[in-house]
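In what follows, a single structure is set out as structure tokens and then discussed.
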Amino acid sequence: MSGFTGFPLAGLDFYEDLEADNSKTFWNAHKAVYDESVRAPMVALTALLEPDFGTAKIFRPYRDVRFSKDKLPYKTAQGAVVGTAPGTGWYVQIGAAGLYVGGGFYSGTPAQIAQYRATVDDDVRGRELEAILAKLRKKGFAIGGDTLKTKPKGYEADHPRIELLRHKSITCRKEFGAPDWLPTARAATEVRKTWESMRPFIDWLTAVVAPTG
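Numbering (my numbering), first residue to last: 1 to 213.
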């Protein structure tokens, strides 16, 4: 594929069928659909966005089942991430439910999480993040991530940003489903616009959790 022309609906149908029959037999019989309607559009999309956001990693379709009780062999969505720091960056995914666009701080070392919390604790930088997230919510983003049920060690329960301090990871996302423009070139415009809206959030996180020295 020389250019991005959208995500064919055949790709969504492929994942719906894969969820019903996650087997090597099904995969082998329909791999051409995956290659043409899922992987090729994702490669073309990330190549188109690369000059503005960076090189993407496109995830393998195969699950690592070595240490999992769930032995189903194939992932039921195709994701790609543009990393800006370890465990941090922009994300895009296509699956049976349609298009998912997001990003944030997905995973990190204890040192990164501690640095994130120390920055949230700072009155200036912490309020910056609050303002960024408020704007994202107004634009229709959902804020998520793994959180502690109680306060993190070293912080008071009545801290003005205790909810942000509880985060071990923090993300924002929009779930678009399957709008009329999904199988058209406009899909790239929508992903680009969504990522650009998230840029202050990604920049804030990158500055905080990126290795120094």
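The beta-carbon is built from N, C-alpha and C at its ideal position, and this holds for glycine as well.
These numbers were taken from a predicted model, which means no experiment stands behind them.
In the three-state reduction of the DSSP assignment, residue 144 falls in the strand class, which pools E and B. With fewer than three CB-CB distances shorter than 8 Å, the region 59-71 does not count as touching the region 102-118. Per DSSP, the continuous beta strand (DSSP E) segment holding residue 77 begins and ends at 77-85. With respect to the 7 Å criterion, residue 38 and residue 78 are classified as neighbours on the basis of their beta carbons. Look at residue 54 here: in three-state DSSP terms it is coil, with no helix or strand label. When DSSP states are grouped into helix, strand and coil, residue 156 belongs to the coil group. For residue 26, the enclosing alpha helix (DSSP H) starts and ends at 24-34. With contacts defined as CB atoms closer than 7 Å, residue 185 and residue 6 qualify as a contacting pair. Annotated three-state conformation of residue 176 is strand, per DSSP.
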